[in-house]
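Residue numbers (this note's numbering): 178 to 284.
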């Protein structure tokens, strides 16, 4: 099981941690939400939880709880800029369908 960060995502996480002044990386997970069933959650990590799975990338890490990992295995977290919009994009091979607004998904 593995998760990866694109180079642009690594740079953005690094930049955000520097601006924040502390942090080891980010935790990603899923929660029950939205019209398709699941949505992504993301937060900074200052100290890992004992159950976290850790995926290091250069000097930042992705942290994932074991319950979310089954939905996220193989996912690449990317950071994209399209026109005036920018943000993280989850390239998740497990997604079978997503809602029209793109906020939730099913596996």
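Ideal Cβ placement from N, Cα and C applies to all residues, glycine included. What you are looking at is a predicted structure, and each value in this text was computed from that prediction instead of being measured.
Query, Result
"Cutting at 7 Å between CB atoms, please list the residues of its own chain near residue 202, excluding the five before and the five after it.", "190, 222, 237, 238, 239, 240"
"What are the boundary residues of the beta strand (DSSP E) that includes residue 218?", "214 to 222"
"I need the DSSP call for residue 239, collapsed to helix, strand or coil.", "strand"
"Between the beta-carbon of residue 267 and the beta-carbon of residue 257, is there less than 8 Å?", "no"
"Could you pull the DSSP bridge partners for residue 233 from this structure?", "238"
"Does DSSP classify residue 183 as helix, strand or coil?", "coil"
"Is it true that the CB of residue 254 sits closer than 8 Å to the CB of residue 205?", "yes"
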